Amino acid sequence: MAQITSFIRWAGGKSWLVPYVKELIEGLDYNNYFEPFMGGASIFFSMEHPHQSYLSDINPELVNTFCAIKDDPQAVISFIKGYRSDEESYYKIRRSNPKNYFEIAARFLYLNANSFNGIYRVNRQGQYNVPYGKKEKNVNCDRLIEISEKLQNVDIQCQDFYKIRDLINKRDLVFLDPPYTVSKNNNHFFIQYNQHLFSLDDQYRLADLIEYIISQNAWFILTNAHNSAILEIFQSTGRVIEKERKSLIGGKNAFRGNVQEYIFTNIPERN
Ligand SMILES: C[S@@+](CC[C@H](N)C(=O)[O-])C[C@H]1O[C@@H](n2cnc3c(N)ncnc32)[C@H](O)[C@@H]1O
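Add 3 to a position in the sequence shown, counting from 1, and you land on the number used in this note's numbering.
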């Protein structure tokens, strides 16, 4: 059971990039694997990593969900089985404030499946405020068992991305997928749905981390917004690749269509 798809819908999810990342790392003899902006961790789930994997993210509810599924998927499933997917139930569950570790994860998965476009968005009080998605959806409980198996022996932390620095050693592979930075005039950037905005300063911290990764003779793959500020910050780190993707961020005012994305990496090109 090596390659599976993510179990959540996540803004900026990279399932579309899986074939390219596979191509990029084909034959690469890497050691430990890091995904410090895990989100739905689509790259992690899509392949088998040879050694220890480290997943982390700054979103506590997301990380709690990963940990609960890893620890006891049946406990999560037993709460999910008690939920109904109609609109009234959705708002009731959205208003609820469970304290049990597994129930919090079940609620997160339920809201992710049934909310509008699976967006994660909270108000100033930290309460999830995405409306009902109008398509009744059940959480795929069989998948959660598979996911749990895949997460065994994986180190999962709720933390800022920079914290992985001290763990990186020679031949490790780090996949970096930060949220897009929202510029002053919103030029070239898509709407940031997350609670945590990623500032330009964060991008510079990321550049610093990448410098460290390179200095350790480890590898990185960075995917980031296609704009001149990002190019300027990261172009000296290695190869620059442009990729086109379909924008799936929905909503009435959302942008749909093909958008470019930058990939930066120090993995050498194969002839
Ligand atoms: C583009 S999403 C990652 C998507 C993921 N690659 C996937 O396939 O689903 C970016 C993630 O970075 C997280 N994040 C934002 N700021 C962060 C920070 N300072 N440190 C770590 N994670 C952060 C967000 O919570 C979000 O889950």
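Ideal Cβ placement from N, Cα and C applies to all residues, glycine included.
Small disclaimer: the values here were computed from a predicted structure and weren't measured.
- Of the candidates N269, W222 and G136, N269 places its Cα closest to the Cα of V243.
- With contacts defined as CB atoms closer than 8 Å, V142 and Y113 qualify as a contacting pair.
- The three-state secondary structure of W13, taken from DSSP, is coil.
- With respect to I171, I213 sits apart: the two C-beta atoms are not nearer than 8 Å.
- Three or more pairs of CB atoms, one per stretch, sit closer than 8 Å, so the segment 27–39 contacts the segment 164–180.
- For D205, the enclosing alpha helix (DSSP H) covers residues L203 to S218.
- Cα atoms of R146 and E26: separation of roughly 26 Å, rounded to the nearest angstrom.
- For the pair N227 and D163, the Cα-to-Cα distance works out to about 17 Å.
- Under the three-pair Cβ rule at 8 Å, the segment 82–91 does not count as touching the segment 43–63.
- The DSSP assignment places 231–237 as complete runs of the alpha helix (DSSP H) inside the segment 218–243, in order along the chain (cut-off: 4 residues).
- In terms of side-chain proximity, the C-beta atom of M41 is found nearer than 7 Å to a non-hydrogen atom of ligand 1.
- L225 has its Cβ no nearer than 7 Å to any heavy atom of ligand 1.
- Comparing C-alpha distances from N132 to each of K95, S151 and T68 shows the shortest one belongs to K95.
- Boundaries for S88: no alpha helix (DSSP H) harbours it, and the DSSP string shows neither H nor E there.
- About 11 Å separates the beta carbons of C144 and I72, which is beyond the 8 Å limit, so they are not a contact pair.
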